[in-house]
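Engineer: Count the sequence shown with the numbering used here and you get residues 1 to 118, in order. A single structure is presented below for examination.
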Amino acid sequence: MKLISQKDYKKLLANGKRQRQAQEQGKNLDFRPVVRLFTPDAQATWLLTEIDPEAPLIAFGLCDLGMGYPELGYVSLEEISSVRGRLGLPVERDLYFLADKTLGAYRREAEKKGRITP
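Below, the structure is given as C-alpha coordinates:
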(Lines of atoms letter the chains of each structure in order from A and count residues from 1; the text may use other names and numbers.)
(Lines give C-alpha, C1' and ligand atoms only; values in the text may rest on other atoms or scores of the structure.)
Protein backbone atom coordinates (compact mmCIF):
# COMPACT_ATOMS: atom_id res chain seq x y z
CA MET A 1 0.00 0.00 0.00
CA LYS A 2 1.19 3.49 -0.75
CA LEU A 3 1.92 5.49 2.37
CA ILE A 4 -0.19 8.43 1.16
CA SER A 5 -2.78 8.27 -1.61
CA GLN A 6 -2.54 10.70 -4.53
CA LYS A 7 -5.79 12.36 -3.41
CA ASP A 8 -4.49 12.88 0.15
CA TYR A 9 -1.12 14.07 -1.14
CA LYS A 10 -2.84 16.76 -3.23
CA LYS A 11 -4.89 17.87 -0.20
CA LEU A 12 -1.76 17.98 2.00
CA LEU A 13 0.06 20.03 -0.62
CA ALA A 14 -2.89 22.43 -1.01
CA ASN A 15 -2.96 22.89 2.77
CA GLY A 16 0.78 23.59 2.71
CA LYS A 17 0.29 26.32 0.11
CA ARG A 18 -2.57 27.87 2.09
CA GLN A 19 -0.48 27.76 5.27
CA ARG A 20 2.45 29.44 3.50
CA GLN A 21 0.16 32.25 2.31
CA ALA A 22 -1.32 32.67 5.80
CA GLN A 23 2.12 32.80 7.40
CA GLU A 24 3.15 35.54 4.98
CA GLN A 25 0.31 37.55 6.53
CA GLY A 26 1.40 36.69 10.07
CA LYS A 27 -1.28 34.02 10.62
CA ASN A 28 -1.35 30.27 11.20
CA LEU A 29 -4.14 27.99 10.03
CA ASP A 30 -5.28 25.03 12.12
CA PHE A 31 -6.32 22.30 9.66
CA ARG A 32 -7.99 19.01 10.37
CA PRO A 33 -5.54 16.14 9.79
CA VAL A 34 -5.76 14.69 6.30
CA VAL A 35 -4.08 11.37 7.01
CA ARG A 36 -3.22 9.15 9.98
CA LEU A 37 -0.16 6.93 9.72
CA PHE A 38 0.77 4.35 12.34
CA THR A 39 2.99 1.41 13.14
CA PRO A 40 0.85 -1.72 13.56
CA ASP A 41 3.42 -3.36 15.84
CA ALA A 42 4.58 -0.34 17.83
CA GLN A 43 2.96 2.78 19.24
CA ALA A 44 4.01 5.43 16.73
CA THR A 45 1.34 7.63 15.12
CA TRP A 46 1.46 10.62 12.79
CA LEU A 47 -1.48 12.94 12.05
CA LEU A 48 -0.47 14.97 9.00
CA THR A 49 -2.11 18.21 7.89
CA GLU A 50 0.14 19.64 5.20
CA ILE A 51 3.17 19.23 2.96
CA ASP A 52 5.76 21.95 2.47
CA PRO A 53 5.24 23.18 -1.12
CA GLU A 54 8.98 23.89 -1.45
CA ALA A 55 10.02 20.49 -0.02
CA PRO A 56 7.42 17.98 -1.27
CA LEU A 57 8.71 15.13 0.90
CA ILE A 58 8.40 17.09 4.16
CA ALA A 59 5.08 16.96 5.98
CA PHE A 60 3.78 18.79 9.04
CA GLY A 61 1.64 17.32 11.76
CA LEU A 62 1.35 15.83 15.19
CA CYS A 63 4.00 13.15 15.71
CA ASP A 64 3.89 10.54 18.47
CA LEU A 65 6.71 8.01 18.63
CA GLY A 66 5.09 6.20 21.54
CA MET A 67 7.34 7.64 24.25
CA GLY A 68 4.73 9.82 25.94
CA TYR A 69 5.70 13.12 24.30
CA PRO A 70 3.61 13.82 21.19
CA GLU A 71 4.62 17.04 19.47
CA LEU A 72 3.93 19.20 16.45
CA GLY A 73 6.65 19.29 13.85
CA TYR A 74 7.97 18.58 10.40
CA VAL A 75 8.75 15.03 9.38
CA SER A 76 10.32 13.41 6.34
CA LEU A 77 7.97 11.10 4.46
CA GLU A 78 11.01 9.09 3.41
CA GLU A 79 11.97 8.57 7.05
CA ILE A 80 8.44 7.54 8.00
CA SER A 81 8.52 5.03 5.13
CA SER A 82 11.66 3.47 6.57
CA VAL A 83 10.30 3.05 10.12
CA ARG A 84 9.66 -0.51 11.28
CA GLY A 85 8.07 -1.70 14.51
CA ARG A 86 9.21 -4.53 16.77
CA LEU A 87 8.06 -7.21 14.35
CA GLY A 88 9.51 -5.43 11.32
CA LEU A 89 6.14 -4.29 9.95
CA PRO A 90 6.11 -1.06 7.92
CA VAL A 91 4.09 2.05 8.69
CA GLU A 92 0.51 1.90 7.44
CA ARG A 93 -2.11 4.45 6.48
CA ASP A 94 -5.35 4.28 8.47
CA LEU A 95 -7.84 3.80 5.64
CA TYR A 96 -10.80 4.60 7.91
CA PHE A 97 -9.46 7.71 9.64
CA LEU A 98 -11.66 10.78 9.38
CA ALA A 99 -10.57 13.74 11.50
CA ASP A 100 -13.31 15.12 13.70
CA LYS A 101 -11.33 18.09 15.04
CA THR A 102 -8.41 20.33 14.19
CA LEU A 103 -4.77 19.42 14.70
CA GLY A 104 -4.61 21.88 17.60
CA ALA A 105 -7.42 20.01 19.37
CA TYR A 106 -5.67 16.67 18.78
CA ARG A 107 -2.46 18.20 20.17
CA ARG A 108 -4.12 19.47 23.34
CA GLU A 109 -5.74 16.08 23.93
CA ALA A 110 -2.47 14.23 23.23
CA GLU A 111 -0.56 16.43 25.65
CA LYS A 112 -3.04 15.58 28.43
CA LYS A 113 -3.03 11.84 27.70
CA GLY A 114 0.61 11.49 26.68
CA ARG A 115 -0.35 9.98 23.32
CA ILE A 116 -2.46 10.56 20.23
CA THR A 117 -5.96 9.10 20.48
CA PRO A 118 -7.81 9.14 17.15
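Glycine included, each C-beta is placed from N, C-alpha and C at the ideal position. Note that the structure is predicted; figures quoted are calculated from it, not measured.
Please look up how many angstroms separate the CB atoms of arginine 107 and valine 35, rounded, as I've assumed it's under 8 Å.
Structural biologist: Between valine 35 and arginine 107 the Cβ distance is about 16 Å, and since that is not below 8 Å, they are no contact.
Engineer: Cα separation between arginine 115 and glycine 61?
Structural biologist: When rounded, the distance between both Cα atoms is 14 Å.
Engineer: Would you mind sorting glutamate 40 into buried or exposed? The rule is 16 or more other CB atoms within 10 Å of its CB.
Structural biologist: Rather than glutamate, the amino acid found at residue 40 in this sequence is proline. So proline 40 ends up on the exposed side.
Engineer: Relative to the C-alpha of leucine 48, which residue among Phe38, Glu54, Ala59 is closest?
Structural biologist: Ranking the options by Cα distance to leucine 48, first place goes to Ala59.
Engineer: Less than 8 Å between the C-beta atoms of alanine 44 and valine 83, yes or no?
Structural biologist: Yes.
Engineer: If you drop the 5 nearest sequence neighbours on each side, which residues of the same chain put their C-beta closer than 7 Å to that of glutamate 78?
Structural biologist: Same-chain partners within the cutoff: Leu57.
Engineer: Along the chain, where does the alpha helix (DSSP H) that runs through glutamate 50 open and close?
Structural biologist: Run containing glutamate 50: none in the alpha helix (DSSP H); it sits in the beta strand (DSSP E), 45 to 51.
Engineer: Tell whether a beta-carbon distance below 8 Å holds between tryptophan 46 and isoleucine 80.
Structural biologist: Yes, Cβ-Cβ distance for tryptophan 46 and isoleucine 80 is below 8 Å.
Engineer: Confirm, please, whether the CB-CB distance from threonine 102 to arginine 32 is below 8 Å.
Structural biologist: Yes, the Cβ-Cβ distance between arginine 32 and threonine 102 is below 8 Å.
Engineer: Spatial neighbours of aspartate 64 within its chain, please: C-beta separation below 7 Å, excluding the five flanking residues on both sides.
Structural biologist: The residues are Ala44, Thr45, Pro70, Ala110, Arg115, Ile116.
Engineer: On the three-state DSSP scale, how would you describe isoleucine 80?
Structural biologist: Reduced to three states, the DSSP call for isoleucine 80 is helix.
Engineer: Just the Cα atoms here: how many angstroms apart are glycine 16 and isoleucine 51?
Structural biologist: Cα-Cα distance, rounded: 5 Å.
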